[in-house]
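Down below is the structure, laid out as structure tokens.
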Amino acid sequence: MKATTLRRIGARVATLLASLLIALTMAFALGRLSGDPTATILGPMALPEQREALRHQLGLDQPLLVQYFDYLKGVFTGDLGDSLQFYQSNTTMILDRLPFTLQLVAAGMSLAILIGIPLGVLAATREGTWWDRGASTLALLGQSVPVFWLGMMLVVLFAVKLGWLPAGQSGSLKHLILPAVTMALYPMAHIARLTRASMSDALREPFIDSARARGISTTRVVWRHGFKNAMMPILTIIVLQTGVLMSGAVAIEYVYSWPGLGQLALQSIQFRDFPLVQAIVVFAAVIFVLLNLVVDLLHSVVDPRVR
Amino acid sequence: MSEILETEVSADHGRRLRAPEESTPVLDVDDLVVEHRNRTTGEVFRAVDGVSLRIDAGESVAVVGESGSGKTTLAMAATGLGVRGSGDIQLLGHSLASIGRRQLRELRPEVQVVFQDPHGSLDPRQSVRSGLRELRGLQRERTSWIDDDGLLDRVRLTPDMLDRYPHQLSGGQAQRVCIARALLMRPRLIVADEPTSGLDVSVQADVLKLLQETQASTGAALLMISHDLAVVRSVCDSVHVMFRGKVVESGPCETVFKNPTNEYTRELLDAMPGARWRARR
Amino acid sequence: MSELEIELAPHAGEPLKPAKDRRRRTSRTSVFWLGLPLGVITFLVFVLPLTGLLPDGGQDLTATRLPPAFLDGGTWAHPLGTNKLGQDGLTQLVESGRLTIMIGLVGALVAIGPGTLLGLLAGYCRGWVDKTISILIDAQLALPFILIALAIIANRGSSLPVLFLVLALTGWASCARVTRSATLSIRERQFVLGLRAAGASEARIVFRHVLPNLAGTVVALATLQVGTAILVESALSFLGLGVVPPHSSWGSMLAAGQDELSHSWWIAFFPGLAITVLVLLVNLIGDALLTHNDPRKRRR
């Protein structure tokens with residue numbers, strides 16, 4: 001039994017490592033396909049000798065394969081190169097911005113969980129009623145709104161018209177409210193829909209009826225028995241959505257001028273700062289793969305059937 | 001060399017397959033072993049363990065055993081449908097191990113299978129008529145002997161069934177369509193894998209009778225897979241009893257059922273609903 | 001039992017009509033009632049500009065940043081107000097809608113096409129083909145592809161082909177995964193063995209039997225993908241990385257409205273509302289189709 005679990009995890013780790021390698025290779029290829037970066041750095045007026053010197057300094061005069069392995073070595077030792085526009089180590093800059101993104105993701109995700117799960121449970125326990133229809137439509141609406149647009153409208157309402165909250169930048173707790181609410185919407189909808197589906201499956205299981213028949217109260221049946229069994233897919237989606245938020249919140253960070261990773265990515269793209277773009281992609285890929293690993297481990301630890 | 005062989009095969013395949021030498025058995029299985037490997041645990045499970053079996057033209061042979069005894073796997077491996085095993089299988093005089101893909105495809109219409117779940121055996125998106133039309137398109141020469149109406153008449157279905165889709169047919173009707181499709185090919189071997197166990201009791205007898213008639217009128221051999229001894233006894237000449245992948249007893253139906261020598265066969269006979277018939281005779 | 005029913009039924013020629021059929025019909029009507037407004041929107045977007053009923057879409061520097069008609073200071077000459085160049089909001093909305101809907105449709109096709117094909121291959125061929133495709137699917141789902149997409153756009157510049165490439169790259173995997181598992185279950189059905197026994201080629205089985213049985217699921221996935229494509233496009237255009245001037249989509253209208261937010265919120269309000277309504281309708285239809293095609297859900 002134990003050996004099979006190990007074998008399963010081993011296979012998953014292998015797959016994830018393969019995914020990571022694909023991402024790293026893509027990021028490398030993107031960096032190389034972008035043409036000669038020396039023209040971007042030194043401008044069009046630079047002398048050929050200057051450009052040659054810079055090419056040598058960046059290692060671009062080496063064979064492609066050597067560059068690739070140097071790059072992989074860098075990734076595994078935590079050295080993601082230097083930015084073209086900030087003249088700084090990419091790793092340092094990413095780590096500088098990371099706390100802001102983490103703050104936003106943590107706040108947004110907590111909100112999403114706190115609203116999404118009860119909403120989904122509400123819909124599942126009252127399946128077919130107007131409660132269900134209302135909650136389900138609300139969740140679907142959350143997946144249909146361009147979230148950054150909702151952010152803009154929240155700014156108009158709460159910052160411009162009412163003046164209750166700041167429109168952008170980070171700092172106090174007040175600054176966090178609007179971005180966190182905006183950030184929470186999509187995962188909230190996702191969690192609510194999944195909770196509903198998963199719960200209504202769990203509540204259909206025979207053991208629910210037998211628990212009811214034994215005289216256990218409805219609330220207890222729903223939460224202790226139903227939810228416990230519906231939890232695994234919900235937990236999975238929470239972890240995976242966290243990964244999506246870490247890298248996919250570019251538009252939201254842009255709306256609120258939030259100084260996180262997304263803004264950094266956008267700036268680097270607009271400046272065509274490819275080493276930095278590459279570094280952010282690599283960083284996000286590593287985070288993604290780690291979160292996927294967490295999900296797999298959760299599966300084999302929490303679910304006795306898998307173990 | 002191989003080119004010449006291939007052209008020869010395609011040139012006279014119709015006649016060649018149709019005129020077998022009298023002495024060749026339709027199916028001759030020798031020491032067949034089929035193993036399943038569990039992907040995650042790596043354990044090997046022997047579904048079929050050294051089974052030998054011979055069916056001659058016009059003969060009807062049954063393989064009985066409880067579920068999981070390997071009888072379906074045996075049938076699928078013996079007819080080259082999906083399951084692969086080791087051992088020598090001669091299907092209509094061709095060795096399955098050495099036969100090419102193309103030859104196997106030409107050989108396939110000679111063997112038709114009637115499955116347990118009649119609805120699963122029909123494409124849900126295809127009406128009865130277009131299903132038959134497709135078969136005719138696939139095997140122009142073999143299927144021209146009868147028209148659709150005549151075919152349905154043979155399996156006692158009315159022509160208005162032609163425009164129905166599988167979900168609009170009852171289990172018995174669907175199974176009759178399946179038999180019609182098998183019949184259309186004029187096979188030399190019909191494999192019936194629990195053909196009645198998915199059907200209501202009232203329909204089972206009809207379908208069995210139909211299978212028997214089909215076999216008699218076309219001269220095909222019948223390989224019947226079943227767990228139901230009563231079914232086997234009413235349809236087949238001889239029987240092989242399978243237990244955990246092995247054949248534990250075989251012989252003519254009457255002999256085996258009257259004087260079972262194997263302990264497991266006896267248990268099977270005692271467990272059947274009409275167990276007392278044995279005592280009465 | 002069902003055999004008896006047929007024999008006893010007054011209309012013996014009528015096909016059996018189990019509860020399943022009734023269920024199918026309700027979901028069909030709900031698809032119709034959701035599709036109707038969607039059809040109306042599409043019709044308006046494509047036909048309204050031809051009628052000449054819309055206000056003049058040109059620049060008018062005497063009437064910049066007019067609010068919509070229902071607010072103080074608005075006029076019915078410009079029902080949804082004007083932007084900073086005095087261009088009419090309604091006209092712009094309708095005309096940008098064409099590109100938005102087009103991107104949604106083509107964007108879904110370029111993702112669903114390869115996705116379906118790869119899923120079908122993986123599910124039907126098994127073996128190393130399946131292993132390779134499955135690793136690609138896992139990789140795509142386990143990677144921050146939006147960031148990679150941004151990097152591609154930064155690299156190649158924004159244009160429609162690049163946008164479609166991005167939509168294909170980000171959308172194919174989830175479709176491939178669903179198609180793969182559906183194919184796996186269909187190929188185990190006995191009718192596939194029966195066809196093989198009748199001498200049908202593998203290609204015929206895949207394209208004439210497995211694919212049609214997948215069609216319902218694929219259509220539902222494609223519908224949902226239209227919504228996703230529109231949302232991804234709007235986010236990219238908003239960041240200036242999707243549709244860029246002189247072309248205009250609802251997403252790029254949002255980008256233009258971002259700078260005017262503090263004083264003329266309506267410039268960004270209406271395109272965003274349009275996206276929301278359109279995507280919501282598409283998602284509702286996709287959901288209804290998916291439920292309709294999922295036998296597990298249908299039985300309930």
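Heads up: the protein sequence lines correspond to chains A, B and C, in order. Quick note on the UniProt record's numbering: the first sequence kicks off at 1 and runs consecutively. Quick note on the UniProt record's numbering: the second sequence kicks off at 1 and runs consecutively. Quick note on the UniProt record's numbering: the third sequence kicks off at 1 and runs consecutively. Ideal placement from N, C-alpha and C gives every residue a C-beta, glycine not left out.
Report task. Determine whether the Cβ of A/I269 lies closer than 7 Å to any Cβ atom of chain C. Result -> Numbered from its first residue, the first sequence carries residue 269 of chain A at position 269. At least one chain C Cβ lies under 7 Å of A/I269.
**Report entry** DSSP-derived helix/strand/coil call for C/F70
**Finding:** Mapped onto the third sequence, residue 70 of chain C falls at position 70. Reduced to three states, the DSSP call for C/F70 is coil.
Requested in this report: Determine contact between the segment 152-163 of chain B and the segment 171-187 of chain B, defined as no fewer than three beta-carbon pairs at a distance below 8 Å.
Outcome: The segment 152-163 of chain B is in contact with the segment 171-187 of chain B.
Requested in this report: Could you spell out the range, first to last residue, of the alpha helix (DSSP H) harbouring A/R196?
Outcome: For the purposes of this step, residue 196 of chain A is identified with residue 196 of the first sequence, where counting begins at 1. Unbroken alpha helix (DSSP H) run through A/R196: L173 to L203.
**Report entry** A/V250: first and last residue of the uninterrupted alpha helix (DSSP H) it sits in
**Finding:** Your numbering for residue 250 of chain A matches position 250 in the first sequence. Looking at the DSSP string, the run of the alpha helix (DSSP H) that includes A/V250 is V250 to V255.
**Report entry** Near-chain B residues of the segment 191-204 of chain C - C-beta to any C-beta below 9 Å
**Finding:** If the cut-off is 9 Å between Cβ atoms, the segment 191-204 of chain C has F191, V192, L193, G194, L195, R196, A197, A198, G199, A200, S201 and R204 near chain B.
Query raised in the report: In chain order, what residues of the same chain have a beta carbon less than 7 Å from the beta carbon of A/V295, not counting five sequence neighbours either side?
Result: Here residue 295 of chain A refers to the residue found at position 295 when the first sequence is read from its first residue. Answer for A/V295: T236, V239 and L240, listed in chain order.
Query raised in the report: Hey, out of A/L47, A/A211 and A/T125, whose CA is closest to A/A197's CA?
Result: Numbered from 1 along the first sequence, position 197 holds the residue referred to as residue 197 of chain A. The residue among A/L47, A/A211 and A/T125 with its C-alpha nearest the C-alpha of A/A197 is A/T125.
Query raised in the report: Nearest to B/G80 by CA position, among C/G81, C/F70 and C/G194, is which residue?
Result: By 1-based counting over the second sequence, the position of residue 80 of chain B is 80. Scanning C/G81, C/F70 and C/G194 for the CA closest to the CA of B/G80 turns up C/G194.
Query raised in the report: Does the Cβ of A/V181 have 16 or more other Cβ atoms within 10 Å, making it buried, or fewer, making it exposed?
Result: On the first sequence, residue 181 of chain A is found 181 positions in, with the first residue counted as 1. Under this definition A/V181 is a buried residue.
Requested in this report: Mind the definition here: the segment 264-279 of chain A touches the segment 75-94 of chain A only if three or more C-beta pairs lie below 8 Å; say whether that holds.
Outcome: The segment 264-279 of chain A, when compared against the segment 75-94 of chain A, does touch it at the 8 Å Cβ threshold.
Query raised in the report: So which residues of chain C does B/D120 contact, with C-beta pairs closer than 8 Å?
Result: For the purposes of this step, residue 120 of chain B is taken as the residue at position 120 of the second sequence. The sequence given here places Gly at residue 120 of chain B; Asp does not occur at that position. For B/G120, the residues of chain C that pass the 8 Å Cβ criterion are R189, Q190 and F191, in the order they occur in the chain.
Query raised in the report: If you count every other CB in all the chains shown that lies within 10 Å of the CB of C/W266, and 16 or more means buried, which is it?
Result: The residue you call residue 266 of chain C lines up with position 266 of the third sequence. Classification of C/W266: buried, given that the 10 Å Cβ count is 16 or more.
Query raised in the report: Taking 7 Å as the CB-CB cut-off, is B/V128 touching chain C?
Result: As a position in the second sequence, residue 128 of chain B is number 128, starting the count at 1. Not closer than 7 Å to any Cβ of chain C, the Cβ of B/V128 fails to qualify, so no.
Requested in this report: Tell me, to the nearest whole angstrom, how far the beta carbon of B/P195 is from that of B/V207; I am working on the premise that it is less than 8 Å.
Outcome: Residue mapping note: residue 195 of chain B aligns to position 195 of the second sequence, counting from 1. Residue mapping note: residue 207 of chain B aligns to position 207 of the second sequence, counting from 1. Contact flag correct, Cβ pair sits at about 6 Å.
Query raised in the report: With 7 Å set as the bound, which would you pick, yes or no: does the beta-carbon of C/H292 sit closer than that to a beta-carbon of chain E?
Result: Absence of chain E from the displayed structure is noted, the protein chains being A, B and C.
Requested in this report: For B/K209, count neighbouring C-beta atoms within 10 Å of its own C-beta (all shown protein chains included) and say buried if the count is 16 or more, exposed if not.
Outcome: By one-based count along the second sequence, residue 209 of chain B stands at place 209. Burial call: exposed.
Query raised in the report: Per DSSP, what kind of secondary structure is B/A11 in: helix, strand or coil?
Result: The count along the second sequence starts at 1 and reaches residue 11 of chain B at position 11. Residue placement at B/A11 is poorly supported in this model, since its pLDDT is 36, which falls under 50; the coordinates still yield a value, given next. B/A11 falls in the helix class under three-state DSSP.
**Report entry** CA nearest to the CA of A/V105, picked from A/I252, A/Q267, A/I280 and A/S300
**Finding:** As a position in the first sequence, residue 105 of chain A is number 105, starting the count at 1. Checking every option, the nearest Cα to that of A/V105 belongs to A/I252.
Query raised in the report: How many angstroms separate the CA atom of C/K84 from the CA atom of A/L150?
Result: Here residue 84 of chain C refers to the residue found at position 84 of the third sequence. Here residue 150 of chain A refers to the residue found at position 150 of the first sequence. Straight-line Cα distance between these residues: approximately 22 Å.
Query raised in the report: Using the rule of at least 16 other Cβ atoms within 10 Å of the residue's Cβ for burial, across every protein chain shown, is B/K71 buried or exposed?
Result: Counted from its first residue, the second sequence places residue 71 of chain B at position 71. Buried: at least 16 other Cβ atoms inside 10 Å.
Requested in this report: Measure the alpha-carbon distance for B/G120 versus B/H167 and round it to whole angstroms.
Outcome: Here residue 120 of chain B refers to the residue found at position 120 of the second sequence. Here residue 167 of chain B refers to the residue found at position 167 of the second sequence. For the pair B/G120 and B/H167, the Cα-to-Cα distance works out to about 10 Å.
**Report entry** Where the beta strand (DSSP E) through C/I101 begins and ends
**Finding:** If you number the third sequence from 1, residue 101 of chain C lands on position 101. Unbroken run through C/I101 is the alpha helix (DSSP H), G89 to C125; no beta strand (DSSP E).
**Report entry** Three-pair Cβ contact test at 8 Å for the segment 87-95 of chain C versus the segment 142-153 of chain C
**Finding:** Flag = no, the segment 87-95 of chain C and the segment 142-153 of chain C do not touch.
**Report entry** Bridge partners - B/M224, DSSP secondary structure assignment
**Finding:** The sequence position of residue 224 of chain B within the second sequence is 224, counting from 1. Looking at the DSSP assignment, B/M224 forms a beta bridge with B/A62 and B/A192.
**Report entry** Against chain C: residues of the segment 139-151 of chain A by CB proximity under 7 Å
**Finding:** Taken in chain order, the members of the segment 139-151 of chain A whose beta-carbon sits within less than 7 Å of a beta-carbon on chain C are L140, L141, Q143, S144, V145, P146, F148 and W149.
Query raised in the report: Can you tell me whether DSSP reads B/R233 as helix, strand or coil?
Result: The sequence position of residue 233 of chain B within the second sequence is 233, counting from 1. The three-state secondary structure of B/R233, taken from DSSP, is helix.
Report task. Starting from A/A106, trace the alpha helix (DSSP H) both ways and give me its first and last residue. Result -> For this step, residue 106 of chain A is matched to residue 106 along the first sequence. For A/A106, the enclosing alpha helix (DSSP H) begins and ends at N90 to T125.
Report task. List the residues of chain A whose Cβ lies closer than 7 Å to the Cβ of C/A149, in chain order. Result -> The residue labelled residue 149 of chain C in the question sits at position 149 within the third sequence. Neighbours of C/A149 on chain A: none; closest Cβ ~10 Å, over 7 Å.
Query - Burial state of B/S60 (16 or more Cβ within 10 Å) - result: Mapped onto the second sequence, residue 60 of chain B falls at position 60. The C-beta of B/S60 has 16 or more other C-beta atoms within 10 Å across all chains shown, which makes the residue buried.
Query - B/R54 versus B/P252: straight-line alpha-carbon distance, rounded - result: Residue 54 of chain B sits at position 54 when you count from the first residue of the second sequence. Residue 252 of chain B sits at position 252 when you count from the first residue of the second sequence. Cα-Cα distance, rounded: 13 Å.
Query - 9 Å Cβ cut-off: residues of chain C touching B/P109 - result: As a working mapping, residue 109 of chain B is identified with position 109 in the second sequence. At a C-beta separation below 9 Å, B/P109 has these neighbours in chain C: A197, A198 and G199.
Query raised in the report: Thinking just about the alpha-carbon of each residue, which of A/L60, A/M26, A/T77 and A/T219 is nearest to the one in C/P144?
Result: In the third sequence, counting from the first residue as 1, residue 144 of chain C sits at position 144. It is A/M26.
Report task. In the DSSP assignment, find the beta strand (DSSP E) that holds B/R54 and state where it starts and stops. Result -> Here residue 54 of chain B corresponds to residue number 54 of the second sequence, with the count starting at 1. That run of the beta strand (DSSP E) goes V44 to I55.
Report task. Assign B/N38 to buried or exposed, taking buried as 16 or more other Cβ atoms, counted over all protein chains shown, within 10 Å of its Cβ. Result -> Translated into positions along the second sequence, residue 38 of chain B becomes position 38. B/N38 should be labelled exposed.
Query raised in the report: Along the chain, where does the alpha helix (DSSP H) that runs through C/I186 open and close?
Result: One-based indexing of the third sequence puts residue 186 of chain C at position 186. Looking at the DSSP string, the run of the alpha helix (DSSP H) that includes C/I186 is L160 to R187.
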